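Chains as they are written, first to last, in this note's numbering: chain L, 1 to 333; chain C, 1001 to 1243.
What follows is the structure, given as structure tokens:
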């Protein structure tokens, strides 16, 4: 087990689906040959197809201590990155309009804002996703090359590009489908939790750029870190698909109080616009308790009291939301 | 000396193969492989058409299919039951030609990556597909030539008996690897001359490997991309002995 564990909490109530995190990540890490289709960070609409399509239903993860089978997603599932014919239109005098090619078929938030229907009301929310840097990574277990390792000093899961042979067992094993194959290099890649930034005391690029300020970062085992407080003290953040058995270290504050039309103020539990079953599907049965706790905190604040939880969740300053202390983590040289 | 060594090596190979793979579909004892001398240069032979090689006697080497290595593996069949091996010594090199039937040609031409760094280019080379695997073949032999009568473990050698693997991939080309047991294979960063031709449902792949002395053990492997073969998911022969 690692000595420390970096973790991230994302408050889904604050995500506006703007993909600024996606672009921050892409510009920093996946603007290279072979990486066009891959988004180490993506934001998808829930309920929805997800990226790659149906990743949550195709397999992987653990069951009774054994890895579960899964097909490899296809490029159609990820979405082939398209280009526009600017040259023809702008420089070669062709009359046709600027068009994407190949025909866009899928993408990292393809069914944006479609969501689902509950009675006569539409509902959806955004789910930002990165590698979960799991405590029991299925990808690590699946790799026959032992190319994947969990950094002892901070629990970040990375792929040794020298050892990787591009076998893609890791992609099959990951229940979140957050590893991507680069056909140009012949190796697999994934989110590195911006460890080079963390080592310099800077927060992850996706968190730094987030206009909704919904990401919290720190060591899960550091009592002063916001992630420790949200996950372990206040217990209002949950991992995605806990039944997959990998024990993610990315946690979500579930969407907890979207009012149904003309029912403002009612609890999601008594008059849910978001079907509770869907939240249980994503976050497990504990989501009900979390929503109850969150609503209690909200009520406390609405009645003039002070909620430490809400103060933390609306935290504006970087100091409130992040606690990156390279000195807390023993860096191995 | 070679005559008494063959049965020993063959027995060890057979035992290793049976013991380590458990459910070996089919096994064949190691056999002698004759090496034919040639006055042609290695380069000429590497690029020679079928005719030049047809005169070289071929040895039919049975292939085995590895059993499922992982619980989550898709099933695979013994589509490629054997490989024909031809060996020619030319210009201080050993040329190995492997011929096998494969109904599908699983290969592609990857776009050439420009020399300029990606950040200076507006367009990057795309990943065309991320779920395809390519046909491949390899020759394995002991890294330490010589006097040792014990052949390395068939599963990529062992700690005391490292192996060299000359691996050819239909898409990615040739690369030299070293290993000291299963899971230890690593690329040396070196390439070697190789040439693969697919015609009429058959691969004919010629590999130029260092000259090996008589008595050296060699083993062969073939991967079928359409069966998602990669890693130990492959067809393999037991050790054969050069005559």
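In this text, a Cβ means the ideal position worked out from N, Cα and C, and glycines have one as well. Predicted model only: the values in this text are computed from it and were never measured.
Item to check | Proximal residues to residue 1141 of chain C (C-beta, below 7 Å), its chain only, five neighbours per side dropped | outcome: Reading the second chain from its first residue, position 141 is the one you call residue 1141 of chain C. Listed in chain order, the non-local C-beta contacts of residue 1141 of chain C below 7 Å within the same chain comprise 1163, 1164, 1212, 1216, 1217, 1218, local neighbours out to five positions each way being set aside.
Next on the checklist: Helix, strand or coil for residue 241 of chain L? Go by DSSP, reduced to three states.
Outcome noted: Here the question's residue 241 of chain L lines up with position 241 in the first chain. Here DSSP, grouped into helix, strand and coil, assigns residue 241 of chain L to coil.
Item to check | Close beta carbons around residue 1094 of chain C, own chain, < 8 Å, minus the five adjacent residues each side | outcome: As a first step, residue 1094 of chain C is located in the second chain; it is residue number 94 there, counting from the start. Spatial neighbours of residue 1094 of chain C in its own chain (CB-CB distance under 8 Å, excluding positions within 5 residues in sequence) are listed in chain order as 1035, 1087, 1088, 1208, 1209, 1210, 1211, 1212.
Next on the checklist: Count Cβ pairs between the region 1114 to 1131 of chain C and the region 1231 to 1242 of chain C that sit closer than 8 Å; are there 3 or more?
Outcome noted: Taking a cut-off of 8 Å for Cβ pairs, the region 1114 to 1131 of chain C and the region 1231 to 1242 of chain C do not touch, as fewer than three such pairs fall below it.
Checklist entry - Do you know whose CA, among L:3, L:2, L:7, L:307, lies nearest residue 231 of chain L's CA? => result Along the first chain, read from residue 1 onward, the residue named residue 231 of chain L stands at position 231. Ranking the options by Cα distance to residue 231 of chain L, first place goes to L:7.
Checklist entry - What residue from L:252, L:267, L:253 has the CA that sits closest to residue 259 of chain L's CA? => result What you label residue 259 of chain L is simply residue 259 of the first chain in a count that begins at 1. Of the candidates L:252, L:267, L:253, L:267 places its Cα closest to the Cα of residue 259 of chain L.
Next on the checklist: Relative to the C-alpha of residue 65 of chain L, which candidate in C:1060, C:1116, C:1071, C:1063 has its C-alpha closest?
Outcome noted: Residue mapping note: residue 65 of chain L aligns to position 65 of the first chain, counting from 1. The candidate whose alpha carbon is nearest that of residue 65 of chain L is C:1071.
Checklist entry - If we ignore side chains and look at the alpha-carbon of each, how far apart do residue 85 of chain L and residue 97 of chain L end up? => result Translated into the one-based positions of the first chain, residue 85 of chain L becomes position 85. Translated into the one-based positions of the first chain, residue 97 of chain L becomes position 97. Distance between the alpha carbons of residue 85 of chain L and residue 97 of chain L: 9 Å.
Item to check | Close Cβ partners of residue 194 of chain L (< 7 Å) along its chain, the five nearest in sequence each way excluded | outcome: Here the question's residue 194 of chain L lines up with position 194 in the first chain. Within the same chain, residue 194 of chain L has close Cβ partners 204, 205.
Checklist entry - Which partner residues of residue 63 of chain L appear in the DSSP bridge assignment? => result Indexing the first chain from 1 puts residue 63 of chain L at position 63. Residue 63 of chain L is bridged to L:66.
Item to check | 8 Å Cβ cutoff met for residue 190 of chain L and residue 40 of chain L | outcome: In the first chain, the residue the question calls residue 190 of chain L occupies position 190. In the first chain, the residue the question calls residue 40 of chain L occupies position 40. Yes, the Cβ-Cβ distance between residue 190 of chain L and residue 40 of chain L is below 8 Å.
Next on the checklist: Pop quiz: residue 238 of chain L and residue 287 of chain L are said to be a contact at Cβ under 8 Å. What is the actual Cβ separation, rounded to whole angstroms?
Outcome noted: As a first step, residue 238 of chain L is located in the first chain; it is residue number 238 there, counting from the start. As a first step, residue 287 of chain L is located in the first chain; it is residue number 287 there, counting from the start. With a beta-carbon spacing of about 6 Å, residue 238 of chain L and residue 287 of chain L fall inside the 8 Å limit used to define contacts.
Checklist entry - For residue 126 of chain L, does the three-state DSSP call read helix, strand or coil? => result Here residue 126 of chain L refers to the residue found at position 126 when the first chain is read from its first residue. If DSSP states are grouped into helix, strand and coil, residue 126 of chain L belongs with the strands.
Checklist entry - With a Cβ-Cβ cutoff of 8 Å, do residue 4 of chain L and residue 155 of chain L count as a contact? => result As a working note, residue 4 of chain L is residue 4 in the first chain. As a working note, residue 155 of chain L is residue 155 in the first chain. Between residue 4 of chain L and residue 155 of chain L, the C-beta gap is smaller than 8 Å, which places the two residues in contact.
Checklist entry - Would residue 33 of chain L be called buried (16 or more neighbouring beta carbons within 10 Å of its own) or exposed? => result Here residue 33 of chain L is taken as the residue at index 33 of the first chain, counted from 1. Result: buried.
Checklist entry - At which residues does the beta strand (DSSP E) containing residue 1087 of chain C begin and terminate? => result Translated into the one-based positions of the second chain, residue 1087 of chain C becomes position 87. Note, residue 1087 of chain C: beta strand (DSSP E), 1082 to 1090.
Next on the checklist: For residue 138 of chain L and residue 175 of chain L, I'd like the C-alpha separation in whole angstroms.
Outcome noted: By one-based count along the first chain, residue 138 of chain L stands at place 138. By one-based count along the first chain, residue 175 of chain L stands at place 175. Distance from the CA atom of residue 138 of chain L to the CA atom of residue 175 of chain L, rounded to whole angstroms, is 8 Å.
Item to check | Backbone secondary structure at residue 1122 of chain C - three-state DSSP | outcome: Locating residue 1122 of chain C in the second chain gives position 122, counting from the first residue. Note: residue 1122 of chain C maps to coil in three-state DSSP.
Checklist entry - Does the beta carbon of residue 243 of chain L sit closer than 8 Å to a beta carbon anywhere in chain C? => result Position 243 of the first chain, counting from 1, holds the residue named residue 243 of chain L. Among the CB atoms of chain C, none fall inside 8 Å of the CB of residue 243 of chain L.
Next on the checklist: Between residue 1127 of chain C and chain L, is the shortest Cβ-Cβ distance under 8 Å, so that the two count as touching?
Outcome noted: Here residue 1127 of chain C corresponds to residue number 127 of the second chain, with the count starting at 1. At least one chain L Cβ lies under 8 Å of residue 1127 of chain C.
Next on the checklist: Do residue 42 of chain L and residue 131 of chain L count as a contact pair if the criterion is CB distance below 8 Å?
Outcome noted: In the first chain, counting from the first residue as 1, residue 131 of chain L sits at position 131. In the first chain, counting from the first residue as 1, residue 42 of chain L sits at position 42. Not in contact: residue 131 of chain L and residue 42 of chain L (Cβ atoms no closer than 8 Å).
Item to check | is_contact[residue 1164 of chain C, chain L] using C-beta, thresh 8 Å | outcome: Position 164 of the second chain, counting from 1, holds the residue named residue 1164 of chain C. So, not an interface residue.
Checklist entry - Would a check of beta-carbon distances place residue 34 of chain L closer than 8 Å to chain C? => result Counting from one through the first chain, the residue named residue 34 of chain L turns up at place 34. It does; some Cβ of chain C falls within 8 Å.
Next on the checklist: Looking only at its chain, what residues have a beta carbon closer than 7 Å to the beta carbon of residue 11 of chain L, apart from the 5 residues adjacent to it on each side?
Outcome noted: Within the first chain, the letter at position 11 stands for residue 11 of chain L. Excluding positions up to five away in sequence, the list reads 214, 253, 313.
Checklist entry - Between the region 1070 to 1088 of chain C and chain L, which residues of the former have CB atoms less than 9 Å from a CB of the latter, in chain order? => result If the cut-off is 9 Å between Cβ atoms, the region 1070 to 1088 of chain C has 1070, 1071, 1072, 1073, 1074 near chain L.
Item to check | Nearest to residue 68 of chain L (by Cα), restricted to the options L:60, L:311, L:75 | outcome: Looking up residue 68 of chain L in the first chain gives position 68. Per the Cα distances, L:60.
Checklist entry - Can you name the residues of chain L whose CB is closer than 9 Å to the CB of residue 1183 of chain C? => result Looking up residue 1183 of chain C in the second chain gives position 183. Listed along chain L, the residues sitting closer than 9 Å to residue 1183 of chain C by beta-carbon distance are 144, 145, 146.
Checklist entry - With distances taken between CB atoms, is the gap from residue 178 of chain L to residue 129 of chain L smaller than 8 Å? => result Counted from its first residue, the first chain places residue 178 of chain L at position 178. Counted from its first residue, the first chain places residue 129 of chain L at position 129. Residue 178 of chain L is a Cβ neighbour of residue 129 of chain L, given a cutoff of 8 Å.
Item to check | Where the region 164 to 175 of chain L meets chain C: residues whose CB sits under 9 Å from a CB there | outcome: From the region 164 to 175 of chain L, only 165, 166, 167, 168, 169, 171, 172, 173 have a Cβ closer than 9 Å to chain C.
Checklist entry - So what's residue 1065 of chain C in DSSP terms, helix, strand or just coil? => result Position 65 of the second chain, counted from the start, is the residue given in the question as residue 1065 of chain C. The answer is strand: DSSP assigns residue 1065 of chain C an E or B state.
Checklist entry - Going by Cα to Cα distance, which pick from L:289, L:255, L:325, L:283 is closest to residue 273 of chain L? => result If you number the first chain from 1, residue 273 of chain L lands on position 273. Of L:289, L:255, L:325, L:283, the residue nearest in Cα terms is L:255.
Checklist entry - Would you call the region 99 to 114 of chain L and the region 41 to 58 of chain L touching, i.e. three or more CB-CB distances under 8 Å? => result Judged by Cβ distances under 8 Å, the region 99 to 114 of chain L makes contact with the region 41 to 58 of chain L, as three or more pairs qualify.
Checklist entry - Just to confirm, are residue 20 of chain L and residue 209 of chain L a CB contact at a threshold of 8 Å? => result Within the first chain, numbered from 1, the residue matching residue 20 of chain L stands at position 20. Within the first chain, numbered from 1, the residue matching residue 209 of chain L stands at position 209. Yes; because the gap between Cβ atoms is below 8 Å, this pair is in contact.
Checklist entry - Which chain C residues are close to residue 182 of chain L, counting only those with a beta carbon under 9 Å from its beta carbon? => result Residue mapping note: residue 182 of chain L aligns to position 182 of the first chain, counting from 1. Neighbours of residue 182 of chain L on chain C, chain order: 1127, 1130.
Checklist entry - Thinking C-beta only, is residue 249 of chain L closer than 8 Å to residue 170 of chain L? => result Here residue 170 of chain L refers to the residue found at position 170 when the first chain is read from its first residue. Here residue 249 of chain L refers to the residue found at position 249 when the first chain is read from its first residue. Contact flag unset, no.
Next on the checklist: Once DSSP output is grouped into helix, strand and coil, what is the label at residue 228 of chain L?
Outcome noted: Here residue 228 of chain L corresponds to residue number 228 of the first chain, with the count starting at 1. Note: residue 228 of chain L maps to helix in three-state DSSP.
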